[in-house]
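Q: Those protein sequence lines, which keep their order, are chains A and B. Under the numbering used here, read the first sequence as residues -1 to 557, first letter to last. Under the numbering used here, read the second sequence as residues -1 to 557, first letter to last. Where is the CB? At the ideal position from N, CA and C, for every residue including glycine.
There are 2 protein chains.
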Amino acid sequence: MNETRSSLCNARLTYSPKLPFALREGANRVRIEKGHATSPVSNEDQISKLFPVTCGAPVVHMERNDATLSKPLKVGVLLSGGQAPGGHNVISGIFDGVKSIRNDSRVIGFLNGPSGLIEGDFREITSDFLSDFRNVGGFDIIGSGRTKIETDEQFAKCAETVRSAQLDCVFIIGGDDSNTNAALLAEYFVANDVFCSVIGCPKTIDGDLKNYYIETPFGFDTASKTYAQLIGNIARDANSAKKYWHFIKIMGRSASHIGLEVGLQTQPNICLISEEVESKGMTLAQVVTQFADVVEARATSGKNFGIAIIPEGLLEFIPEFKKLIAELNDGLVELVDELEELPQIHDKVIRICDYLSPKSSNLLADLPSTIQMQLLLERDPHGNVQVSLIETEKLLIELVDNELRHRPSYTGKFKAIAHFFGYEGRCAHPSNFDSDYAYSLGYSASILAKGGFTGYMASISNLADGVDNWQACGIPTSMLMTIERRHGKDKPVIQKALVDLDGKAFLQFKSKRDKWAISESYIYPGSIQYYGPPELSDSVTQTLKIDAQARQIKQLQAK
Amino acid sequence: MNETRSSLCNARLTYSPKLPFALREGANRVRIEKGHATSPVSNEDQISKLFPVTCGAPVVHMERNDATLSKPLKVGVLLSGGQAPGGHNVISGIFDGVKSIRNDSRVIGFLNGPSGLIEGDFREITSDFLSDFRNVGGFDIIGSGRTKIETDEQFAKCAETVRSAQLDCVFIIGGDDSNTNAALLAEYFVANDVFCSVIGCPKTIDGDLKNYYIETPFGFDTASKTYAQLIGNIARDANSAKKYWHFIKIMGRSASHIGLEVGLQTQPNICLISEEVESKGMTLAQVVTQFADVVEARATSGKNFGIAIIPEGLLEFIPEFKKLIAELNDGLVELVDELEELPQIHDKVIRICDYLSPKSSNLLADLPSTIQMQLLLERDPHGNVQVSLIETEKLLIELVDNELRHRPSYTGKFKAIAHFFGYEGRCAHPSNFDSDYAYSLGYSASILAKGGFTGYMASISNLADGVDNWQACGIPTSMLMTIERRHGKDKPVIQKALVDLDGKAFLQFKSKRDKWAISESYIYPGSIQYYGPPELSDSVTQTLKIDAQARQIKQLQAK
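(1) With DSSP collapsed to three states, give me the class of Pro266/B.
(2) So what does DSSP say about Val292/B, is it helix, strand or coil?
(3) Between the segment 201 to 211 of chain B and the segment 106 to 122 of chain B, are three or more C-beta pairs nearer than 8 Å?
(4) When Cβ atoms are compared, which residues of the segment 185 to 211 of chain B fall closer than 9 Å to chain A?
(5) When you compare only the Cα positions, how much space is there between Ile171/B and Val75/B?
(6) CB Ala470/B to CB Ser442/B, shorter than 7 Å?
(7) May I have a chain-ordered list of the beta strand (DSSP E) segments no shorter than 3 residues that lie completely inside the segment 87 to 174 of chain B?
(8) Quick one, are the C-beta atoms of Ile197/B and Leu446/B less than 7 Å apart?
(9) Whether or not the segment 315 to 332 of chain A and the segment 361 to 376 of chain A are in contact is what I'm after, with contact meaning three or more pairs of Cβ atoms, one per stretch, closer than 8 Å; do they touch?
(10) Is Asp335/B helix, strand or coil by DSSP?
(11) Do you know offhand how far Asn0/B's Cα is from Thr149/A's?
(12) Which of the three DSSP states, helix, strand or coil, is assigned to Ala180/B?
(13) Three-state secondary structure (DSSP) at Ser459/B?
(14) What's the C-alpha gap between Lys413/A and Asn133/B?
(15) Have a look at Gln555/A and Leu439/A and give me their C-alpha separation to the nearest angstrom.
(16) Assuming the contact rule is C-beta atoms closer than 8 Å, Leu478/B and Glu273/B should be a hit. Round their C-beta distance to whole Å, please.
(17) Give every residue of the same chain whose Cβ lies closer than 8 Å to the Cβ of Ser110/B, excluding the five residues on either side of it in the sequence, and list them in chain order.
(18) Along the chain, where does the alpha helix (DSSP H) containing Gln550/B start, and where does it finish?
(19) Which of the three DSSP states is assigned to Ala416/B in this structure?
(20) Using a Cβ cut-off of 7 Å (strictly closer), state whether Glu533/B contacts chain A.
(21) Runs of 3 residues minimum, wholly inside the segment 198 to 258 of chain B: which ones carry the beta strand (DSSP E) assignment?
(22) Please report whether the beta-carbon of Asp545/A lies at a distance below 7 Å from any beta-carbon of chain B.
(23) Cβ atoms of Val497/A and Phe504/A: under 7 Å apart, would you say?
(24) Below 8 Å, how does it come out for the segment 253 to 265 of chain B and the segment 306 to 317 of chain B: are there three or more Cβ pairs, yes or no?
(25) Does DSSP put Met(-1)/B in a helix, a strand or coil?
(26) Examine chain B for any beta-carbon lying closer than 7 Å to the beta-carbon of Ile140/A, and answer yes or no.
(27) Taking Gly79/B as the reference, give the member of Ile521/B, Glu276/B, Asp102/B, Asp175/B with the closest Cα.
(28) Going along the segment 115 to 135 of chain A in order, which residues come within less than 8 Å of chain B, judged by CB to CB distance?
(29) Can you pull the chain A residues whose beta carbon is under 9 Å from the beta carbon of Tyr13/B, in chain order?
(30) Let me confirm a value: Ser525/A is counted as buried when at least 16 other C-beta atoms fall within 10 Å, else exposed. Which label applies?
(31) Kindly confirm or deny that the segment 32 to 49 of chain A and the segment 91 to 110 of chain A touch, where touching means at least three C-beta pairs closer than 8 Å.
(32) Starting from Lys32/B, follow its DSSP beta bridges and name the residues at the other end.
(33) Hey, is Asn0/A's beta-carbon within less than 7 Å of any beta-carbon in chain B?
(34) Between Pro266/A and chain B, is the shortest Cβ-Cβ distance under 7 Å, so that the two count as touching?
(35) Using 8 Å as the Cβ pair cut-off and three pairs as the minimum, do the segment 396 to 416 of chain A and the segment 288 to 300 of chain A touch?
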């Protein structure tokens, strides 16, 4: 091992990501075919006013073509929001794409996220510089940030940056909000004669940016496999030691796609899906009862151990808890002075319970004191309760333990250990799938830029069918839009794709979970393999595989 | 993917572990050469009385031989204590070893640890049954347990079991205590005409069972690489987002070998080694100051992020904390009734502080209230404080945060996230190194059994030099022994091997850590690779490599 890089890093840097067939001879040998016109998810009237250029624009497909000549491009790229494995590959795909157009094309990278574009803070990305980042994890090549580009003033500053840097295109690699803002920026540039296109690359490790053309976000494969590795290892430990329950909270606040995927990959005893909890309108007590029932059923057969997976966002999907949070947010502001004068947390709870609706009051009063403290004391700069800081996995352990103690029928031993996995997966070295996918996304983005498209997102579809059959496309971002009321205003937003409770992936999980609950059907995926037989090194996620099968069946039925 | 096994599991089941040259033609083609006589680490007089048969017995080396004929063996095996990757391979090595002696040899597995031997609870291990467990993680093949075989009554019950099952040998795969008891059992069997040998296989993932012939425990390679994977991923996340400190507690209570190894593998900003903290006699406040100094130095260059590694056993290596725990253990027993009558934790702390020595009293009073609660409320069945339950990583975050708030010179932002990694690595699928090493250990153990050795442990040495050069040996367990006073009695124990502060591995780490503290020298090892180029799939740990180099230099100097 040299002192600056691991052996695996060194090996990955020399990996050649695979491209869809149409792109393999370079961007100049790609023809863009216009497909069907699109429409937003809903609120077409409002969306078309906000996105006059791109609303209703067609989906485009990329096909192999004869060689053409082109002028060089100068493009900029930025990373927005949380890390996802493959970010470096999107950038190397863009780089190799524009270089395949003309070798004197240039790429700059905006530093530390959207603020780099606003402030004109960037660095040139050269082949040499890039060579240290190909096929490895992280967003450290140019950094990321969470600044939102949404005000007219910010748009104007972006225009200034791209004009002074003479850019032909800006690529924004980000999640739903970043892509919404990218589409608005594209419209602003057109309306203000800034001759620079804006292309989005969908990045959301939670998996909530999804439609027919975005089958999965890049990084989801790697992150879910990393979490599944850890869960599998813990499950094997539980099944060997036979004395602990492990309550494992897993990344995914706004949707439970990761939870569902790792559930399918590891077959735990319990795996909650937030969307189902919400659709059933479950109370916290009902969730706890569901856990305790499984713990008791296993204890009856002498099994005082098990694995439970809890999606990070669970509490916000429990209707009564959501209501409690909303009431607390109001109450904590209204009673701020009164509460400050009460030194003991116990007294604060009594005072605020008096303020809350009876149901919320009961819910709060029944929570363990550690959670009460978190709810009342840790607030964000706007004074709001920080739901993301609540240790849901520990809350559930405490509540389940308490419920079991009150069950005369329960005679087992409940010892539980809490885990939370999030940061462990976001910067893993991308799997071959994610390396190929992210690289292909970047490469197609460069072709959209060459074609002068703006307000589009790059897309690669048919992902479960092997790289040779991948389809490179572009879709107008407005196609994913709807209108939502936020802070009293109608705002265009990308519709969040939640776990589809009628979808095949969830139904398959649902049909098996009762068996998994009482047995030890654990699967131990082990660590991501980048080499070796293709069934190890090139596998896709369960969700992607099941979705693809469902799609095929639908297409066959339609014929 | 089939529904019962992952692709990687399927692939691993067909892996052929590599054996040292001398063993490759089977146990009947191995000659055992007696080497130098041994002596215990210290207290030879007492040890020789306790181990009359094996004390002073020679080290033995295994060499290739002409074919010999042998009678079949019937042997039993058990797993004791916490899981370590490779446990299944020790068993398959034993199985293949005794089967290579005669195909009608038989192996039984005692269920759920030492209690299976005491109670005569076992199952036959057949080739078919074993085929589901080769080269995969876990101890689930026959389960493990923590019962200690130490009383005469237990010895007698073990004798009954081996007599009734007509065993030629019992293999005990376990840590220091299990191997001590295995050696005592061996002596008991000899003294009581039980014609069954007892062979130990060293298993201790913490790495504290180590001498010239036990260069590393099996499983250490896999576990430390798994933790290093996670730390590397988190380091890359920190280096991309640039806003969090991650305080990562890492397995290793009685020694910091894992901490040192993952430190060398990932090059974090801070990596504490318990042994050093103890040898310097550091106070908790000094440890906190050391952390705060690095956080402040980084903040001065605008870096409000970093990675800190904390060994699980840290608090027990801080002399004043050890003293506090000892005093608390006495006080909590003495004041039990008084304390119970005080309902508020605050009042309990005041009362117990009054009991403690002034120094301990100050230390306790300065701890965060959550930690005070853990110390006073969570006690084991003997009424002792449960040090292992203390969330050291959170304690340090709170104390460092507090210290920084009181430093006028500090103007950074300190946001820290706590992690603990232990269960994530103990049942990982063993790396090729651990698969080969554990299998070879088991195989040599079978050869020791064939040779009629008892009170011996299997050993494979020269591990950093490639399997072709591995040396299969056997050593009398008494060679590792010393006498320790426990609960007022002189007891034979295996001397714990702590991190050697004069050893090359620690010195190398020490020479670099100041640079690592302020820079981002992070290395991102990524996940364990079982396939691909040998530098990825067959690498050894940093500690093993550095130790081997040091040994070579020593041998050259001796010439």
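A: Reading from the atomic positions:
(1) In this structure, Pro266/B counts as coil in the three-state DSSP scheme.
(2) Note: Val292/B maps to helix in three-state DSSP.
(3) Taking a cut-off of 8 Å on C-beta distances, the segment 201 to 211 of chain B does not touch the segment 106 to 122 of chain B, as fewer than three cross pairs fall below it.
(4) So nothing in the stretch comes that close.
(5) If you draw a straight line from the Cα of Ile171/B to the Cα of Val75/B, it is about 8 Å long.
(6) Note that the C-beta distance between Ala470/B and Ser442/B is below 7 Å.
(7) Fully enclosed beta strand (DSSP E) runs of 3 or longer: 104 to 108, 120 to 123, 167 to 172.
(8) A contact, by the Cβ cut-off of 7 Å.
(9) In short, these stretches touch, since the Cβ pair count reaches three.
(10) Asp335/B: helix per DSSP, three-state reduction.
(11) Caution applies to Asn0/B, whose pLDDT of 47 falls short of 50 and renders its modelled position unreliable; the value that the coordinates give is listed next. In this model, Asn0/B and Thr149/A are separated by some 52 Å (Cα to Cα).
(12) In the structure shown, Ala180/B sits in a helix (DSSP, three-state: H, G or I).
(13) Residue state for Ser459/B is assigned as strand, using DSSP reduced to three classes.
(14) Each residue's Cα considered, the two are about 30 Å apart.
(15) When rounded, the distance between both Cα atoms is 30 Å.
(16) Rounded to the nearest angstrom, the Cβ distance from Leu478/B to Glu273/B is 19 Å, too far for a contact under 8 Å.
(17) Checking the displayed sequence, the identity of residue 110/B turns out to be Asn instead of Ser. Within the same chain, Asn110/B has close Cβ partners Asp119, Ile140, Gly141, Ser142, Gly143.
(18) Note, Gln550/B: alpha helix (DSSP H), 540 to 556.
(19) Ala416/B falls in the strand class under three-state DSSP.
(20) So, interface residue.
(21) Under the rule that a run must span 3 or more residues, the beta strand (DSSP E) segments found entirely inside the segment 198 to 258 of chain B read 243 to 248.
(22) For Asp545/A, the answer is no, since every Cβ of chain B falls outside 7 Å of its Cβ.
(23) Yes; because the gap between Cβ atoms is below 7 Å, this pair is in contact.
(24) Under the Cβ criterion (8 Å, minimum of three pairs), the segment 253 to 265 of chain B counts as touching the segment 306 to 317 of chain B.
(25) Its pLDDT being 41, under 50, Met(-1)/B is placed unreliably in this model, and the value from its coordinates should be taken loosely. DSSP places Met(-1)/B in coil when its eight states are reduced to three.
(26) At least 7 Å separates the CB of Ile140/A from every CB of chain B.
(27) Measuring from the Cα of Gly79/B, the nearest candidate turns out to be Asp175/B.
(28) Residues are counted here when their Cβ sits less than 8 Å from a Cβ of chain B; for the segment 115 to 135 of chain A these are Val134, Gly135, given in chain order.
(29) Per Cβ cutoff of 9 Å: no residues; Tyr13/B is ~11 Å from chain A at best.
(30) Flag for Ser525/A reads buried.
(31) With fewer than three CB-CB distances shorter than 8 Å, the segment 32 to 49 of chain A does not count as touching the segment 91 to 110 of chain A.
(32) Paired residues: Val58/B.
(33) In this prediction, Asn0/A has a pLDDT of 47, which is less than 50 and means its spatial position is unreliable; nothing more can be read from the coordinates.
(34) Not one chain B Cβ lies under 7 Å of Pro266/A.
(35) The count of Cβ pairs closer than 8 Å, one atom from the segment 396 to 416 of chain A and one from the segment 288 to 300 of chain A, reaches three, so the stretches are in contact.
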